[in-house]
Structures are given as structure tokens and as C-alpha cells.
Amino acid sequence: MAQSLVIVESPAKAKTIGKFLGKGYKIAASMGHVRDLPKSQLGVDIDNNYEPKYITIRGKGKLLEELKKEAKKCDKVFLATDPDREGEAISWHLATILGLNFDEECRIEFHEITKKALSEAIKHPRRINMNLVNAQQARRVLDRLVGYEISPILWKKIKWGLSAGRVQSVAVKLICEREQEIKNFIPEEYWSITAKLKNKNKQFEAKFYGKGKEKIELKNKEQVDEILHNLKDSRFIVSNIKKQEKKKSPMPPFTTSTLQQEAFKKLNFTTKKTMSVAQQLYEGIDISGEGTVGLITYMRTDSVRVSEEAQKEAREYITTNFGLEYVPKTIKSYKTKGNAQDAHEAIRPTSVFRHPDAIKDSLTNDQYKLYSLIWNRFIASQMSDAVYDTTSVDITAGDYLFKVSGSILKFNGYLSVYQTDDEEQETKLPELQLNDILTLVNIDSKQHFTQPPSRYTEATLVKVLEEKGIGRPSTYAPIISTILERGYVEKDKKFLVPTDLGIIVTELLNENFKDIVDVEFTAEMEKKLDQIEEGVENWVEVVDSFFKPLKRQIELAEQNISKITLEEKVEVTDVICEKCGRNMVVKKSKYGKFLACPGYPECKNTKPIVDEIDVNCPLCGGKVVIKKSKKGKVFYGCSNFPECNFVSWDKPTNEKCPKCGQILYEKNVKGEKKLVCINKNCK
-11 MAQSLVIVES
-1 PAKAKTIGKF
9 LGKGYKIAAS
19 MGHVRDLPKS
29 QLGVDIDNNY
39 EPKYITIRGK
49 GKLLEELKKE
59 AKKCDKVFLA
69 TDPDREGEAI
79 SWHLATILGL
89 NFDEECRIEF
99 HEITKKALSE
109 AIKHPRRINM
119 NLVNAQQARR
129 VLDRLVGYEI
139 SPILWKKIKW
149 GLSAGRVQSV
159 AVKLICEREQ
169 EIKNFIPEEY
179 WSITAKLKNK
189 NKQFEAKFYG
199 KGKEKIELKN
209 KEQVDEILHN
219 LKDSRFIVSN
229 IKKQEKKKSP
239 MPPFTTSTLQ
249 QEAFKKLNFT
259 TKKTMSVAQQ
269 LYEGIDISGE
279 GTVGLITYMR
289 TDSVRVSEEA
299 QKEAREYITT
309 NFGLEYVPKT
319 IKSYKTKGNA
329 QDAHEAIRPT
339 SVFRHPDAIK
349 DSLTNDQYKL
359 YSLIWNRFIA
369 SQMSDAVYDT
379 TSVDITAGDY
389 LFKVSGSILK
399 FNGYLSVYQT
409 DDEEQETKLP
419 ELQLNDILTL
429 VNIDSKQHFT
439 QPPSRYTEAT
449 LVKVLEEKGI
459 GRPSTYAPII
469 STILERGYVE
479 KDKKFLVPTD
489 LGIIVTELLN
499 ENFKDIVDVE
509 FTAEMEKKLD
519 QIEEGVENWV
529 EVVDSFFKPL
539 KRQIELAEQN
549 ISKITLEEKV
559 EVTDVICEKC
569 GRNMVVKKSK
579 YGKFLACPGY
589 PECKNTKPIV
599 DEIDVNCPLC
609 GGKVVIKKSK
619 KGKVFYGCSN
629 FPECNFVSWD
639 KPTNEKCPKC
649 GQILYEKNVK
659 GEKKLVCINK
669 NCK
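Set out below in C-alpha cells:
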């Protein structure tokens, strides 16, 4: 029987696709990229049209041999990598290695892993899109040229091991500029006056507005005291009442950027975690009673467009579960921003009839939270507007004007499903009539000062990167991860703060490679990459126009930049080095902080920083400490190691089992913490 080979990136995706395609198809995973530029050298032939020198990624040789064998056995090979530049590039590399005919229609593309989407994709294969491949190739070459040509200058002038990134350096610059804004900020004084008024025994507050119809900014105490003096013995009279109905429309379904922002705000997810969990939901989850299914559409998108089929399905669900009044008369559609590629739909559930609560038992806690967020946002985006009854009241007191407004939710509409932090709060006012004379309970004045701009969080940085056209949906999470890992930025609670190293590197790049950290220049380069994808620009010419001036800047920088001494702040601890008696200091590596002897290189003693939990070791009575594996996974061990070899992935507690008296562990079962006995025979 004839068989086709379908190659995807991941085993999870392969499992989901295999379920839908069934017999006649062999599904294999490439495990991501299979070829890349070498790490040990530039890997770009500058004198030969910037020809990339691709090599097989270490550890992929055996996998590729197996793929070649499978391809020879099959009558047809389909390349089913992700529907974006990166996925197209992976397909191109696979086609090259497998010796496929580039004129052959071997590429299939789908934006959700469902039976219908896969059937359509298999029926309509296409050729590999070389414009997409060249756009990705141009980005890869540009990033390599910046990284490998500028980084050695940072090594010589500042510190070995530093690196520059074409897009990451701009992100660090934005964070450094915000920090400078905060430092340079000069607070300005302003005041407010609030009158507490009463009508028919119901109290409410009105804010001072101005004199007559003219608004007055209150800037100092003298100004406020004069107004308060003039208000003495004034009658507070209702001079105008305006009632109206106000509608509030739902937000559009998620793009990559808005999903990362909302997941950060509502779920406290980092951008990296959001994309990791979203990838799992897209590639497929084993759902009880259904098997493995893809729960959401492709999660790397800048579009708010939704298919007609999904809109109809949503309207059917809303009608059945909420009622006709919750279904808007015209279908809700949203306009994608002008600089967006609009290649894929918005992020939405593959079926709205798969309610988050109905499949909760098949999901981890994180998967459930993110899927619920996506499901609720999409359903809300197709629902009727919320309607408020609003009342605005003007109150005169002598020559002065006070204002107050109230709103009551008349119809909740989409708010029955999804709310954001900026939703209007209900404020009820007493029944007021024109010319009502109000009783003044008290009047209060307060001094305020303007606040500096807030530091960026991951969410607000993603928002500004998108607004300024820096990077694309697939790059936001890697940008933030990279600048944190390189030590240019660190987190203070939720906020991103530049380190001294980040500030010094940014200043050096700004002085010597202005274009590299220029926001507008970087945004313009993103547009050119889009134009390569559209077939308007030639990728070699784009790279050449970027690299030639950069090369001249590099030559000048090597001559002009003086050696910079980086003063490292040393954190001394009370832990004594058992080898030489010095107080050990805190050092940093890419794996995190550790203790080191300050006597290096004479004394090379190091030890991990351990966090104790208030639990005694069940074997020897020592303290249980938190440790991390080489892959960064947390586990628990005894502080008396190696004398005591107690170790556990689950967190031990001081509580005893009511059945056998042994200690209980905290075990994570599908996101919920449960207490389990250490004694396996106890159950």
C-alpha cells in the first residue's frame, strides 16, 4: 500500500497529526531545526553574496539518516512545519537534506491541528515559498553579522564573553532610557479639592473642576487656600444633569503580543512560559474521550482576523448558552494594525464547544489557565457590547464648578465572560434634580506630586516593542529571555531593571554603532524583511546595505574605543571558606548565583547557595534544602550531604501520616498540591 511521509517539528505535533491522518501516512518529527550556522565561526561568506555556510546541528545526524531512509520507502513526502518564516526555513533545510525536488508540491500548511484543517492541507500542497525562506535567512545572517562582528569588540574593550544582538540591544536600550527618565524625573506639585455632599441623607463626593466653564489646574497651597476661602458660605447647587447610554465594545481576540501581555497581568506568566504552554495547546493535548487534539490555533500571529466558520460557531454557542440578546446583530470583526503581516488568524480555540471546564481534568493547571484565557477572550470578542447608564452632574458653588459622574451597568454583554483591569466601575449617585440645593458635609484638599514613568515589565516591554515595530510575534519572548540570560537586565519583582553591565554596553553601542541600537532603523529593517517575504526586496541587497556601513563603523570602533574597566559589586556573606578561612562572596553564572572564595585563583573553593525549608530530614534530622538539577529543575535534599543521601523531587513537610506515622510530601497532581505519604505501601 502506498504510503506518505509527513515531517513535523515535534513528537507532540506528530502524535496529534497521526491521529487525524490515520493509515497510509507515516509521521516523523525533525525535533526543530536540523541545520544552522556553525557556532565556532562566522559561517557567512561576506565576499560571496553573504552565502550562509550551514552545517548539521550536533546530535541530529542519526535522526536525519532515519528520515532519509523513511523518505526512500515512501511515495510522497509532505513537509508540515509551522506556518511561518521559521517553519518554512526548516522545511527548506529538510528538502535540501532529503534531496527533494523544489519544483514539487511538498509543503503543507495549516493554522490549527484539526481533522478538517489537515484534510484541506493534504489536498492542497504547495511548493516551498523561497521568499519566506529568504526572509528568515536574511534575519539569521543579519543577526550573525552583528553578533560575531561586534561582540569581539565588547570582549576586548569591556569583558570577555559579552555579546551584541541586533534586536536585543534595542530592547536593552529602551530599558536603559526608561531608567534614565526615572532618575531625571522632577516631581511637580498639584492639588485636589473634594467636596462631600449630601442629598436626602445620601452622601457622595464631587471633585473641584474650575471657575465658570474654565478648568483650573491647582498647583500650590496658596491657590487652594484662596479657593477654599472664597467657597465659605457658598451654596452647592445642581446646575446641570446629563444622562446618556454608553456602550463598551469587547476587545478583539488575542494576538501573540496581547496574549503575552494579558497572561502576564492575569496569570503572572512570563512571556517564555506563555509561549511554551501555548505551544502545547496548539500541538495537541490528550483529552479524555477524544484522544489527542489541538486546542488552539497557531500562537504566533499579529492578526485579529477570525474565519467565518469560527464566527458562526461562536454565535451558535452564545445563542444557546447566553441568549439571543448576547449575540450582536452584525458579526463582530476587528481591524488588524497597518504594520502587521496578517498571515494567520487570531489566537482562538479550535472549537468553542470544547469548554475549558469540560476538559479541565485532561489539562495541567497552567494549560487550563491559559486555555481559559484564550477561550473566554474569543467568546467575549463575538458577543454584544456592554451597556451603561451614565449620569454627569455639574454643581456650582458661587463662581466655582464641581463635577461628579456615576454609571450603572444596564446590560453586561461580553462582561459576563471577560473583563480587563480597566473596566468601568459602577458608581451609584443619589437621585438628583436640577437646582437641588445640596448640604456640604465637609470639604477636603490634598497635596499630590506627579509620579515618574514606571519601569517596564515583560508585558509593557512587549507592548512597546510591538508599537515601535521592533521584532515580530515569534521574537518577543526570545528577546526578553536573552537580555535576562546575558545579564544586561535583571528583574526587581516584576520590573525589568538594567544592570551596570547593560548600561555600559548600551552606551558603547550608542556611541559607536548608532544604527544597531536605533529604534527607527531597527523597525525599518523589520519592514525590509517583510518586503523580502513579499518578494519586493532582494535579501542579499538588504544584507549588503546593512553590513557595508557597519563594517566601516567596526574598523573605527576598534581604533577609537578605550578599554573600559567594569567595577563589579561584591556581595560578601558570613559563610566561611573551609579551605582558607575567608568570607565567601556571591558570584553569578548563567546557571544562577553561587558562593565563591575571594582568594581565587589561590583558593578555587565554590559551593551552591542553598535555601532551607523549615523541615527536618526524615533520615538524619538535618535541615532540608532546596537544590536545582543541571537542567534547572527544583528538588529537595539534606544539608548533610554527602553523609546523608536523602533526596526528593517532591517537597517534604513536617506533617505525619495519620495511618502509619511517616512524613507527608507535597505532590503536584495536575497543578493541585496534595499531601502524599512517603511510605509507598501506605497509599
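For the sequence shown, our numbering begins at -11 and goes up steadily by one.
Note that CB positions come from ideal geometry on N, CA and C, so glycine has one too.
- For the set Gly198, Ala302, Pro466, Thr318, the Cα lying nearest the Cα of Leu389 is the one of Gly198.
- Closest in alpha carbon position to Ile467, among Leu397, Arg73, Val160, Ile614, is Val160.
- A straight-line Cα-Cα distance of about 43 angstroms links Thr259 and Gly569.
- Under the three-state reduction of DSSP output, Ala109 falls in the helix class.
- CA-to-CA, the gap between Leu496 and Ser577 works out to about 23 angstroms.
- Rounded to the nearest whole angstrom, the C-alpha separation of Glu522 and Glu74 is 15 angstroms.
- Taking the Cβ atoms as the reference, Cys670 lies roughly 6 angstroms from Lys647, within the contact range of under 8 angstroms.
- For Lys186, the CB contacts under 7 angstroms within the same chain, skipping 5 residues up- and downstream, are Leu426, Thr427, Val429 in chain order.
- In the structure shown, Ser245 falls within a helical segment according to DSSP collapsed to helix, strand and coil.
- Taking the Cα positions, Phe582 is about 6 angstroms away from Lys595.
- Within the same chain, Cβ atoms closer than 8 angstroms to the Cβ of Val22 are found at Thr44, Ile45, Lys48, Leu51, Leu52, Ile78, His81, Leu82, Ile85, the five residues on either side in sequence being excluded.
- Annotation for Val528: Asn37, Tyr38 place their beta carbon closer than 7 angstroms to its own, counting only its chain and skipping 5 residues before and after.
- In the structure shown, Glu333 adopts coil according to DSSP, grouped into three states.
- Remark: C-beta atoms of Ala0 and Gly272 approach each other more closely than 8 angstroms.
- The beta carbon of Cys626 sits closer than 8 angstroms to the beta carbons of Cys605, Leu607, Cys608, Gly610, Lys611, Val612, Val613, Cys632, Asn633, Phe634, Val635 from its chain, once the five residues preceding and following it are set aside; these are given in chain order.
- Residue range 177 to 187 is occupied by the beta strand (DSSP E) that includes Ser180, with no alpha helix (DSSP H) assigned at that position.
- Taken through DSSP and simplified to helix, strand or coil, Glu529 comes out as helix.
- In terms of Cβ geometry, Pro441 and Arg166 form a close pair [threshold 8 angstroms].
- Here the C-alpha atom of Trp179 lies approximately 23 angstroms from the C-alpha atom of Gln191.
- The C-beta distance from Ala545 to Phe501 rounds to 7 angstroms, short enough to meet the 8 angstroms contact threshold.
- When C-alpha distances from Arg474 are compared across Lys557, Ile666, Lys203, Lys147, the shortest belongs to Lys147.
- Rounded to the nearest whole angstrom, the CA to CA distance from Thr445 to Lys253 is 10 angstroms.
- Here Phe341 is exposed: its Cβ has fewer than 16 other Cβ atoms, across all protein chains shown, within 10 Å.
- Secondary structure of Ala266 (DSSP, three-state): helix.
- Counting only runs that start and end inside the segment 200 to 238, the alpha helix (DSSP H) elements of at least 4 residues fall at 209 to 219.
- In terms of Cα proximity to Gly457, the closest of Ala511, Val405, Ile504, Ser433 is Ala511.
- Pairing Ile347 with Ile275 gives a Cβ-Cβ distance under 8 angstroms.
- When Cβ pairs closer than 8 angstroms are counted between the two stretches, the segment 98 to 116 is seen to touch the segment 4 to 12, the count reaching three or more.
- Distance check between Ile225 and each of Asp599, Asp382, Leu453 places Asp382 closest, using alpha-carbon atoms only.
- Residue state for Pro596 is assigned as strand, using DSSP reduced to three classes.
- Going by DSSP, Pro140 is part of the alpha helix (DSSP H) stretching over 118 to 145.
- Beta-bridge analysis with DSSP links Gly394 to Thr379.
- Sixteen is the threshold: when 16 or more other Cβ atoms of the shown chains lie within 10 Å of the Cβ of Trp363, as they do, the residue is buried.
- Checking the DSSP bridge columns, you'll see Ala374 partnered with Lys236.
- Its chain contains Val340 as the residues whose beta carbon lies nearer than 6 angstroms to that of Glu301, once the 5 sequence neighbours on both sides are disregarded; these appear in chain order.
- Judged by DSSP secondary structure, Pro486 falls within the beta strand (DSSP E) whose first and last residues are 483 to 486.
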